[in-house]
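In our numbering, the protein residues as written are 1 to 155.
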């Protein structure tokens, strides 16, 4: 699968067995620390092995630039487990490209986002997601929104 954003912006987006897992995990940790400054570092470190296993078993779309991993999208059927773009590559349309590729292949998408992560909420709303409900994550006591996007019916 490839996404065209313009000359030289993305060299490839690919799915499947070939996964640069160490690079993916570095992006996962760094971007979680940056986006979720309200959550202690120990939480992310405690979940490192669990996330690594989940990523290994998930449908991951990896975005590369000049053969370097710069972002990824993790999916579990119609649920977006996570969308991460390396900070140095944010603002280039990469996150949007990853979401659009998922939207092309699914009738609807759902995801959870911390309420304190206002930039992510705004991004997902820009991509057509709406807030469905609110919940508290039991292990962190932080409120989350469940958000959903649905493909528009053609009439």
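Every residue gets a Cβ at the ideal spot worked out from N, C-alpha and C, and that includes glycine.
Residue i classed as buried or exposed, judged by whether at least 16 other C-beta atoms fall within 10 angstroms
i, result
"residue 41", "exposed"
"residue 118", "exposed"
"residue 86", "buried"
"residue 28", "buried"
"residue 89", "buried"
"residue 145", "buried"
CB-CB length for residue i against residue j, believed under 8 Å
i, j, result
"residue 62", "residue 24", "7 Å"
"residue 78", "residue 110", "6 Å"
Collapsed DSSP secondary structure at residue i in the structure displayed
i, result
"residue 156", "Examination of residue 156 is not possible in this model, given that the chain is present from 1 through 155 alone."
"residue 100", "helix"
"residue 14", "Low local confidence applies: a pLDDT of 48 at residue 14 is under 50, so the model's placement there is unreliable, and no value is given."
"residue 143", "strand"
"residue 43", "helix"
Same chain, Cβ closer than 6 Å to residue i, five either side skipped, listed in chain order
i, result
"residue 35", "117"
"residue 133", "146"
Cutoff 8 Å; reference residue i; Cβ partners in own chain excluding five residues on either side
i, result
"residue 18", "The predicted model places residue 18 with a pLDDT of 49, which falls under 50 and marks its position as unreliable, so this point remains unresolved."
Sequence-distant residues of its chain with Cβ nearer than 7 Å to residue i (five each side left out)
i, result
"residue 8", "Reliability fails at residue 8, whose pLDDT of 35 lies under 50, so the model's placement of it is uncertain and no value is given."
Problem - 3-residue-minimum beta strand (DSSP E) runs that sit fully inside the segment 108 to 139, ordered along the chain - result: 108 to 114, 130 to 137
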